[in-house]
Structures are given as structure tokens and as C-alpha cells.
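Each position in the sequence shown, counted from 1, maps to that position plus 6 in my numbering.
Cβ coordinates follow ideal geometry from the N, Cα and C atoms, glycine included.
Owing to the predicted nature of the structure, the values given are computational and were not obtained by experimental measurement.
Working notes for the structure below.
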Amino acid sequence: MANYLSPGVYVEEVSSGVKPIAGVGTSVGAFVGIAEKGVIGKAVLVTNWSQFVNEFGQFIPNGYLAYAVYNFFAEGGTSCYVVRAASTDIRPASLVVRDTDNLDLFKVVARSEGEWGNRISVKISPSSNKQQFGFKMIVQYLLDSDFNDEYSGEDEEGKIVEIFDNMLLINFEEKVNQVSAFVSVKPLVDLTILENMEKTPAFNETALSLSGGVNGMSPIDFLGDAVKRAGIHAFDTIDGINIVAAPDLADMAYSRGTILDMLNYCKLRKDCIFIVDPPHGLSPLEVKDFKEGAGDYSGNSFNTSYGALYYPWVYINDPLTGKQKLVPPSGAIAGTYAYVDAVRGVHKAPAGTTDGYLDSVVGIEKIITKAEQELLNPGGINVIRSLPEGICVWGARTLSADSEWSYVNVRRLMMYIEESLDEGSQWVVFEPNDPSLWGKVKRNLTAFLTRVWRDGALYGTTQEEAFFVKVDEENNPPAVRDAGQLIIEVGVAPVKPAEFVVIRVSQKTLSK
């Protein structure tokens, strides 16, 4: 107490003993996948699309990571961590272009590593206006049943993707490398030799294929290694992630076991949910088998509240080609989670004609009927439907078989409450474990849960119906206190979504 020597009025500030608990964030994405460039195996915070392009490059034909992040921001996401996954064996396809005298002139390299580059071919011919030193390079992308035709141009075979005309050997590198989405070029002769050439070298005008591209990627590369902090384990040191996705896994064979590992990773963390993308082209029965580990997909069933599966794949307008492209839905779904968190709250199911409307999606791979959804929904497969209102998420189930944890919003609300109470109660550690502390703790937790209840996240017309906080002598007897423990019991009644709206209509008989 202060020592007062002069008569007068003295005002002192006294702590109320209440330490407000702030709610943690719920809408930070975490993506791991194949990128055009960037550091490998390190989680990078990205807060807008331009930053992603600077760090990881543009869209690439053989990867879905860029599309997922693009859709995440398009649907309302504001921040995410991104990890570029790769293998040490990965290599780009390439080709050395020679003139008719067998002189190595320049090297053509696929824009990103992987076997996809082996489908690229280039054809060199004189430029259209026949100017001196001029030549034309046509880039073609070979298509088959495994590739969509969004990359095809207007030639009769549907292969041309880029044409670079009227180029000079002394400056074509800059022209190609700044524009091409498929290849980069590098001169193999000295600039002075090019300047002294009297004419454009003669080329073999047949199409030449790039070769040597190696994926080197397997599903396990996305999971990574906890010791090396690679793959999804690059997120190990980051506490603030909430929504995890690995869109490139959906397009890889034998990825189901890795998806199980991803789900287990989120379960062990207890602070995030993994959005599962099924392989594309599956029928409703096949995607049910994929989820349950039946039929062609042997293995354990996906059974956890820390994951959710969305089906089918969706079409977007591809910024790379200007045409429609089929992509896994996880990026758009993650953005929808973030958007609904911001405008409604984490307790609101990210589904419906308003909160589940997908702005970035222009179509779906397969039209799912109501009867087909009745087969999928009870098994925890969230269907994306084409409705009169547009393309909408029409399901809010987790992958859990436990009815207590069957809804995405309930699981995410509980993660929010648990993380908030955890972070907001750190001050309690090493405090004297007595009734005075118990009272402070109960006031703090009650104040926080009251805010959650008033936001509409908890069910009940009174606080007593919505939640309880118990920290007293009964759950903290001498034996517990002697062990250095403080036991706090919290119970909440989360609001469940109105998944089945039943309107009972009957005829009314007029009475006399």
C-alpha cells in the first residue's frame, strides 16, 4: 500500500481479477502441393494471390496447388500458409535445338519439373515475314485421354498451345521466357557468335519432343517427414493453421493411404481439419467405396471428425488458358470456410444456397441427383450440387461415424473453444491453487463462453442451458492439488445445423 503523508483524496487502480479470453483465429488455410517454383519444404505465409505468384509462380498444367490457392482467395479466404512439395528425383523435360550443321543453338526446358513436360514438342521454322535472322517457334502439347483439351489451340490436331514468331536469336530468350507458360529457353552459343552470323541458321522443321522429365513425386512426398519438417510436417511449428488441403493428392495413384495419414495428422494436432479431394471421374458408388475403403479402394475407412470430403470435382475458368478446367474442390471449399467464419461465425455450417454458394465455380464434373445424395450424405460425403441458385455446397458432414461429431461446424466450433480456452488460460500456470484462483478462472471462462453463447453458437435460452464451468473443491480435492494439477470442467451445447427441414402440411376442415 502507498504511504500517504498529506491529507486529500487518492485514486488507485485495482485489478478486477478478470483476464479476458480472446477468441483464436479459425480461417487460416494450409496448402501443400506442386508449384512452379519456390522454396521446397518450407511453410510460407501468403495473404493474397499476387504474393503467391511472387513466391511460387503461376498456374502450371501438372499441378493443382495454384488453382486451389487462387480459389481460396476468390471465395473469401484472407491468409494461408503454403508448402511446395517436391522430391529430390524430380527433373524437368528438356530439348537441345541444333541447326542443320549440328551446332547446339539453344535449350528448351519445361516450365516446371515432372513427366508432363515430356508431352511438349517444339517446331522451328522461318518467321512469317521472312525477315533476316527471323524464325518462328511453335510449342505443342500432346494430348491423350488422361489430359483435358483446355490446352489445345486451333490447329487440326488440337495440339498448338503457343506460337512465337518473328524472333531473332540474339533476343528471343527474353521474348519467350517472359510469356510462355510451358517452356523456357536458354542460348547455348556465345552472343558474339550470334551477332556475326550472316543469316538465320537452318533448322530441321519437324516437331521435336522434350524428354527426360521425371515426376519423382509420390503421395508420401506430400506427407513429408517430421524430422526434416518436410511436406505437411512443415506446418509443425505453426500454431495458427485451421483448414488443411493437399489438392494434388487427388490426381495421384495410391494416394489413399497418405490421405489417412493426413487425417491422422490433423487429429493429433486437434486444431485443424483436412479437406479430402476424391479422385476425379468417380461415380457416386465409387466415391462411397473410396471413403469406406471398399471395392477398388482397400484399406481403413475415413472415420474422423478432423476431416471432410467433398464431391465431385468442379469446373473453373482457367486463367492460364481462358477455358474451363476441372479441378479438385478443396481450394474453393477452404475459402468458403473462411468466408462463412467471417460473416456468420465458425458455428455456422459452410453450406447452403447462400453460405455454400461457390463464386469461383462455373460447373461440376457430375450432376448428382437427390436420390444419389441420399446414398452419400449419411456416409459423410458432402455433395456439391447444381441448384437453381447456382453451384452450392449441399452437405456439412465430417468423416466421423460418431453422431456427436458428425457436423463440420460443431467440430470447428469445439476446436475454436478449446484453443481459445487453452491460450487464454496460460496465466494460470504456477498461480497458487486455492479457491481465490478457482473463482478467477471460473469468471474468465464464463465471460468468454457467454460471448460465444450470445453470438448464437450455443443452444439454450439461458447460460445454464448453454454451458457450465466447474472448478471447485469437488473436482480439485487435496490429492489433485498435491499432484500440482488444477482441473477445470467445461460443458457446452453447440447448435446443430437444420439439415433436414420438415414442413408438415394438412388440410383444415372448416367448423360450423
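(request) Please specify which runs of the beta strand (DSSP E), each continuous and at least 3 residues long, are wholly inside the stretch 345-426, giving them in chain order. (result) 387-393 and 396-399
(request) Determine contact between the stretch 57-69 and the stretch 37-45, defined as no fewer than three beta-carbon pairs at a distance below 8 Å. (result) The stretch 57-69 vs the stretch 37-45: in contact.
(message) I'd like the span of the alpha helix (DSSP H) that includes V511, first residue to last.
(response) First-last for V511: undefined, no H or E at that position.
(message) In the DSSP assignment, the beta strand (DSSP E) including S133 goes from what residue to what residue?
(response) That residue, S133, is in no beta strand (DSSP E); it is neither H nor E in DSSP.
(message) Quick check on the DSSP output: the alpha helix (DSSP H) that includes A472 runs from which residue to which?
(response) Q469 to A472
(request) Give the secondary structure of Y76 by DSSP, where H, G and I count as helix, E and B as strand, and everything else as coil. (result) In this structure, DSSP gives Y76 a helical state, which the three-state scheme calls helix.
(request) Quick one: using the 10 Å Cβ neighbour count with 16 as the cut-off for buried, is Q513 buried or exposed? (result) Counting C-beta atoms within 10 angstroms of its own C-beta, Q513 has fewer than 16 neighbours from the protein chains shown and is therefore classed as exposed.
(request) Could you tell me if T106 is buried or exposed, where buried requires 16 or more neighbouring beta carbons within 10 angstroms of its beta carbon? (result) exposed
(request) Report the partner residues of P438 according to the DSSP bridge assignment. (result) P438 has no beta-bridge partner at all, per DSSP.
(request) Look at the alpha carbon of V501 and the alpha carbon of G246, and state the distance between them as a whole number of angstroms. (result) Whole-angstrom Cα-Cα distance: 25 Å.
(request) Could you work out which residue in E480, G369 and A314 is closest to V416 when comparing CA atoms only? (result) Residue A314 is the option with its Cα nearest to V416.
(message) Check whether the stretch 225-243 and the stretch 297-307 touch, using three or more Cβ-Cβ pairs below 8 Å as the test.
(response) no
(message) With a threshold of 8 Å, are at least 3 pairs of Cβ atoms found where one atom belongs to the stretch 254-274 and the other to the stretch 347-355?
(response) Taking one beta carbon from each stretch, the stretch 254-274 and the stretch 347-355 have fewer than 3 pairs nearer than 8 Å; the two do not touch.
(message) At the 7 Å Cβ level, is K165 part of the contact set with chain B, yes or no?
(response) Absent from the structure is chain B; it holds one protein chain and no more.
(request) Alpha carbon to alpha carbon, how far is S406 from D295? Give it in angstroms, no decimals. (result) One C-alpha to the other measures close to 16 Å.
(request) Go through its chain and collect everything with a Cβ distance to P318's Cβ below 6 Å, but skip five positions before and after it. (result) Within the same chain, and ignoring the five residues on either side of P318 in sequence, the residues whose Cβ sits closer than 6 Å to its Cβ are I370, E371 and K372.
(request) Taking only runs that begin and end inside the stretch 162-234, name each unbroken alpha helix (DSSP H) of 4 or more residues, in chain order. (result) 178-183, 197-202 and 225-229
(request) Could you tell me which residues DSSP pairs with K113 in its beta bridges? (result) Answer by DSSP bridge pairing, in chain order: V102 and K192.
(request) Kindly indicate which three-state DSSP category E18 falls into: helix, strand or coil? (result) coil
(message) By the three-class DSSP mapping on this structure, what secondary structure does F37 have?
(response) Annotated three-state conformation of F37 is strand, per DSSP.
(request) Report the option in P290, V195 and K165 whose CA atom is closest to the CA atom of F188. (result) K165
(request) Could you please give me the residues that DSSP links to L51 through a beta bridge? (result) Y87
(message) Mapping the DSSP letters down to three states, classify N323 as helix, strand or coil.
(response) Strand, per DSSP.
(message) I'd like the list of long-range same chain contacts for G230, defined as Cβ closer than 6 Å, with 5 residues on each side in sequence excluded.
(response) A236, G237, I238 and H239
(request) Would you list the residues sitting across from G337 in a DSSP beta bridge? (result) As far as DSSP is concerned, G337 takes part in no beta bridge.
(request) State yes or no: is the C-beta of V477 within less than 7 Å of the C-beta of V447? (result) The Cβ atoms of V477 and V447 sit closer than 7 Å to each other.
(request) Would you tell me roughly how many angstroms separate the C-alpha atoms of L443 and S33, rounded to the nearest one? (result) Between the alpha carbons of L443 and S33 lies a distance of about 33 Å.
(request) Counting only the same chain and skipping the five closest in sequence on each side, list residues whose C-beta sits under 6 Å from that of Y6. (result) Limits of the chain in this structure are 7 at one end and 518 at the other, which puts residue 6 out of reach.
(request) Would you kindly report the start and end of the unbroken alpha helix (DSSP H) that includes A314? (result) No alpha helix (DSSP H) contains A314, which is instead part of the beta strand (DSSP E) from G313 to Y317.
(request) Can you give me the start and stop residues for the beta strand (DSSP E) that F280 sits inside? (result) I279 to V282
(message) Buried or exposed for N323, going by 16 or more other Cβ atoms inside 10 Å?
(response) exposed
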